[in-house]
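Peer 1:
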Amino acid sequence: MQQVGEFTAYTSDNADAPKVQLRTAPVPDSQSASMVTAAAAGNNGERVAFVLDDGRLTISHGAKHEAIAVGRGSTTTLLGGVTVSATAAEAIFVGSSYTVHWPDGSELYVDESGYWGLRVSFSPSDKANGDKPRGLFGTFNGDPADDLTRPDGRVVPVNSPDDVIRSQFGDAWRISQSDSLFPYGPGQSTDTFTNRAFPAPRPPFSPAVTDQARQVCTSAGVIGDAILAACVFDVSITGNPALADTAAQVSREQTVTAVAGEPLNAKGFGPGLSVSGAVHKDQPVTYEFTAKPGQVADIRSMCTPTGRNVRYTISSSTGSFADPIGGVDGCADLGRVAFASADSYQLVITGDGQYGITWRTTPGDVHQNLNQTASNAGHVNAATRHYLAFTVTPGQTWTFTPDGNCRQVNGFQWSVVDNGGALNDRGIYDGCNPMGPLSLAPGRYSVRIEAGGADADYHFTAKQS
Numbered sequence: 262m263q264q265v266g267e268f269t270a271y272t273s274d275n276a277d278a279p280k281v282q283l284r285t286a287p288v289p290d291s292q293s294a295s296m297v298t299a300a301a302a303g304n305n306g307e308r309v310a311f312v313l314d315d316g317r318l319t320i321s322h323g324a325k326h327e328a329i330a331v332g333r334g335s336t337t338t339l340l341g342g343v344t345v346s347a348t349a350a351e352a353i354f355v356g357s358s359y360t361v362h363w364p365d366g367s368e369l370y371v372d373e374s375g376y377w378g379l380r381v382s383f384s385p386s387d388k389a390n391g392d393k394p395r396g397l398f399g400t401f402n403g404d405p406a407d408d409l410t411r412p413d414g415r416v417v418p419v420n421s422p423d424d425v426i427r428s429q430f431g432d433a434w435r436i437s438q439s440d441s442l443f444p445y446g447p448g449q450s451t452d453t454f455t456n457r458a459f460p461a462p463r464p465p466f467s468p469a470v471t472d473q474a475r476q477v478c479t480s481a482g483v484i485g486d487a488i489l490a491a492c493v494f495d496v497s498i499t500g501n502p503a504l505a506d507t508a509a510q511v512s513r514e515q516t517v518t519a520v521a522g523e524p525l526n527a528k529g530f531g532p533g534l535s536v537s538g539a540v541h542k543d544q545p546v547t548y549e550f551t552a553k554p555g556q557v558a559d560i561r562s563m564c565t566p567t568g569r570n571v572r573y574t575i576s577s578s579t580g581s582f583a584d585p586i587g588g589v590d591g592c593a594d595l596g597r598v599a600f601a602s603a604d605s606y607q608l609v610i611t612g613d614g615q616y617g618i619t620w621r622t623t624p625g626d627v628h629q630n631l632n633q634t635a636s637n638a639g640h641v642n643a644a645t646r647h648y649l650a651f652t653v654t655p656g657q658t659w660t661f662t663p664d665g666n667c668r669q670v671n672g673f674q675w676s677v678v679d680n681g682g683a684l685n686d687r688g689i690y691d692g693c694n695p696m697g698p699l700s701l702a703p704g705r706y707s708v709r710i711e712a713g714g715a716d717a718d719y720h721f722t723a724k725q726s
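Each number in our numbering comes from the position in the sequence shown (counting from 1) with 261 added on.
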């Protein structure tokens, strides 16, 4: 949202769970980006506040905001059994990483980012998570569609324009002075830290800037449309690649609730669509979809930091496949999936980690007759095959010769298959090497040309003697 002020990030109907509030301020020298400079959390028994001012972090607790010091490797116990512990921050941060633990099991995490403020996240207890959680942090139910729930229960659509999200959702979660958990200096109040005119309208980023930011974000392991878009914006406007690491951790920590046989988002899975989320070892994720006979999908997977702990495959509910389908880990592409019948299928994801899977559309396989009097030329798309059919009569020998300008790409190969698609020990040949002479039994055959996960051009002649 990039707004400036003090906001409720988490609240629920559970009195034992803490409320969480955030204070944001403009990123230095920016009129469009904000950062977190303070966080406060508390319930009826205790409150804790982290305030960053001129690069110095102060931690306080209680209604009188008494300062406390928490050294790395130590734990401080406060009122009501609340504890604050500190460890060395991750390499992408500075200073220390703090965990505030409440007796109900809820935990607040605060990392010092120096010039870039604080990184704050929150994990509510199971009980609190079942008592209508809401706020800037969302609803914690795995469904992004209702994350923008206002205090009055109304939901702002997640695809609303930025100004609508800011005015209808962000502004609704601004705190009042009586609700504030923050400490203030003399003459200060929540109004001191509020600027409703921020952010200022900004010119669009150049394609070069956004492309570079997107590369930084995807390389860090950010997945999920919403988090990736936010990461690209943050990195574009600040030039700080550490924000991509923060976004990647957020995307890894996202919990997606799955019910077998039900899509996990409004788009579902199908041609041209992507799905992403988290899978847990005790709860596989299943997407149902239908396919048409002869349809060919090119299934690609984005390797996330936990992708090798995930396996996925396409399985059949009632339909059938033209080729055998295996399973691969989340850092490998499944590639070609050819559907033989119009029916129901499933994308099934198992394991424990983050996944991101895309169905790339293809033009499908091409079937045509082999030209025996002139050159055969064409372009084969990734995951698809071209079949050039011909008939062998008794005593014939066949030779297939690529032209001299053939360019080999990874996975480019051709072979001769019988009418049922079997190789029958005729072998698979490099797409730029000749096949033959081959002595074939009488019958119907095809030259099968494919290029795996790449596109390739072919140009060859066929001769029989």
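C-beta atoms are modelled at their ideal positions from N, C-alpha and C, and glycine is treated no differently.
In angstroms, rounded to a whole number, what distance separates the CA positions of Ala-276 and Ala-349?
Peer 2: Those two C-alpha atoms are separated by around 32 Å.
Peer 1: Between the region 497-510 and the region 288-308, are three or more C-beta pairs nearer than 8 Å?
Peer 2: Segments in contact, yes.
Peer 1: Just to confirm my understanding: we take Thr-455, look at its own chain, exclude 5 residues before and 5 after, and list those with CB closer than 8 Å. What are they?
Peer 2: Answer for Thr-455: Val-265, Gly-266, Glu-267, Arg-435, listed in chain order.
Peer 1: Following the continuous alpha helix (DSSP H) through Thr-479, name the residue where it begins and the one where it ends.
Peer 2: Where Thr-479 is concerned, the enclosing alpha helix (DSSP H) stretches over 468-481.
Peer 1: Kindly provide the ranges of any alpha helix (DSSP H) runs that are 4 or more residues long and lie completely inside the region 306-341, ordered along the chain.
Peer 2: Counting only runs of 4 or more, we get nothing.
Peer 1: Suppose you measure from the CA of Ser-441 to the CA of Gly-391; what does that come to, to the nearest Å?
Peer 2: In a straight line, the C-alpha of Ser-441 is about 24 Å away from that of Gly-391.
Peer 1: In terms of alpha-carbon separation, which member of Asn-305, Phe-311, Asp-274, Gly-306 lies closest to Leu-283?
Peer 2: Minimum Cα distance to Leu-283 is reached at Phe-311.
Peer 1: With DSSP as the reference, identify every bridge partner of Leu-745, one or two as the case may be.
Peer 2: What the structure shows of the chain is the stretch from 262 to 726, and residue 745 is not part of that stretch, so it cannot be assessed.
Peer 1: Is the distance from the Cβ of Ala-638 to the Cβ of Ser-707 below 8 Å?
Peer 2: It is not a contact, given that the beta carbons lie outside the stated cut-off.
Peer 1: Cβ of Gly-425 within 8 Å of Cβ of Val-419?
Peer 2: The sequence as given places Val at residue 425; Gly does not occur at that position. Cβ atoms of Val-425 and Val-419: not closer than 8 Å.
Peer 1: At a cut of 8 Å, does the region 615-631 reach the region 529-537 through at least three beta carbon pairs?
Peer 2: Yes, they touch.
Peer 1: Where does Arg-668 land, buried or exposed, given buried means 16+ other C-beta within 10 angstroms?
Peer 2: Label assigned to Arg-668: exposed.
Peer 1: Using alpha carbons as the reference points, say which of Asp-584, Ile-575, Asp-604, Phe-600 lies closest to Asp-590.
Peer 2: Cα-wise, what sits closest to Asp-590 is Ile-575.
Peer 1: In angstroms, rounded to a whole number, what distance separates the CA positions of Asp-472 and Val-557?
Peer 2: Whole-angstrom Cα-Cα distance: 30 Å.
Peer 1: By Cβ distance, which residues of its chain are closer than 8 Å to Lys-553, with the 5 residues on each side in sequence left out?
Peer 2: Within the same chain, Lys-553 has close Cβ partners Phe-600, Ala-603.
Peer 1: Assuming the contact rule is C-beta atoms closer than 8 Å, Tyr-648 and Asp-626 should be a hit. Round their C-beta distance to whole Å, please.
Peer 2: Indeed they touch by this definition, with Cβ atoms about 7 Å apart.
Peer 1: Restricting to runs no shorter than 3 residues, where is the beta strand (DSSP E) found entirely within the region 664-695?
Peer 2: 674-679, 689-691, all fully within the region 664-695.
Peer 1: Cβ atoms of Gly-482 and Thr-611: under 8 Å apart, would you say?
Peer 2: Not in contact: Thr-611 and Gly-482 (Cβ atoms no closer than 8 Å).
Peer 1: Thinking just about the alpha-carbon of each residue, which of Thr-722, Glu-711, Gly-714, Thr-645 is nearest to the one in Gly-665?
Peer 2: Looking at the Cα atoms, Thr-722 is the closest of the given residues.
Peer 1: Taking C-beta to C-beta, are Phe-383 and Leu-409 nearer than 8 Å?
Peer 2: It is not a contact, given that the beta carbons lie outside the stated cut-off.
Peer 1: Closest to Arg-709 by C-alpha separation, out of Ser-726, Phe-673, Pro-703, Leu-701, would be which residue?
Peer 2: When each option's Cα is compared against that of Arg-709, the closest is Phe-673.
Peer 1: Output the distance between the C-alpha atoms of Val-345 and Ile-560, rounded to the nearest integer angstrom.
Peer 2: Their Cα atoms are separated by approximately 46 Å.
Peer 1: Helix or strand or just coil, what does DSSP make of Ser-346?
Peer 2: DSSP places Ser-346 in strand when its eight states are reduced to three.
Peer 1: For Ala-270, which of Pro-695, Gly-332, Tyr-370, Ala-330 has the nearest alpha-carbon?
Peer 2: Out of Pro-695, Gly-332, Tyr-370, Ala-330, Tyr-370 has the C-alpha closest to the C-alpha of Ala-270.
Peer 1: How about Pro-385 and Ser-295: are their beta carbons less than 8 Å apart?
Peer 2: No.
Peer 1: Exposed or buried, which one is Gly-356 when buried takes at least 16 other CB atoms within 10 Å?
Peer 2: Gly-356 should be labelled buried.
Peer 1: Over what stretch of residues does the alpha helix (DSSP H) that includes Asn-637 continue unbroken?
Peer 2: Element bounds for Asn-637: not the alpha helix (DSSP H) but the beta strand (DSSP E), 637-641.
Peer 1: Near Thr-319, what residues of its chain come up, given a Cβ to Cβ distance below 7 Å and the 5 sequence neighbours on each side ignored?
Peer 2: Once the five neighbours on either side are set aside, the close Cβ partners of Thr-319 are Val-312, Ala-328.
Peer 1: For Thr-451, which three-state DSSP category applies?
Peer 2: Residue state, collapsed to three classes: helix.
Peer 1: Applying the 10 Å Cβ sphere with the 16-neighbour rule, what's the burial state of Val-281?
Peer 2: Classification for Val-281: buried.
Peer 1: For the ligand COA, any of its heavy atoms closer than 7 Å to the Cβ of Gly-391?
Peer 2: No copy of the ligand COA occurs in the structure displayed, which carries no ligand at all.
Peer 1: Is DSSP giving Phe-401 helix, strand or coil here?
Peer 2: Correct three-state label for Phe-401: coil.
Peer 1: With H, G and I counted as helix, E and B as strand and the rest as coil, what does DSSP make of Gly-378?
Peer 2: DSSP places Gly-378 in coil when its eight states are reduced to three.
Peer 1: Could you name the residues of the same chain whose beta carbon sits closer than 7 Å to that of Val-493, not counting the 5 residues immediately before and after it, in chain order?
Peer 2: Excluding sequence neighbours, Val-493 sits near Thr-471, Ala-474, Arg-475, Cys-478.
Peer 1: Using DSSP with H/G/I as helix, E/B as strand and the rest coil, what is Asp-408?
Peer 2: Coil.
Peer 1: Under 8 Å, Cβ to Cβ, is there at least one residue of chain D near Asp-290?
Peer 2: Here there is only one protein chain, and chain D is not present.
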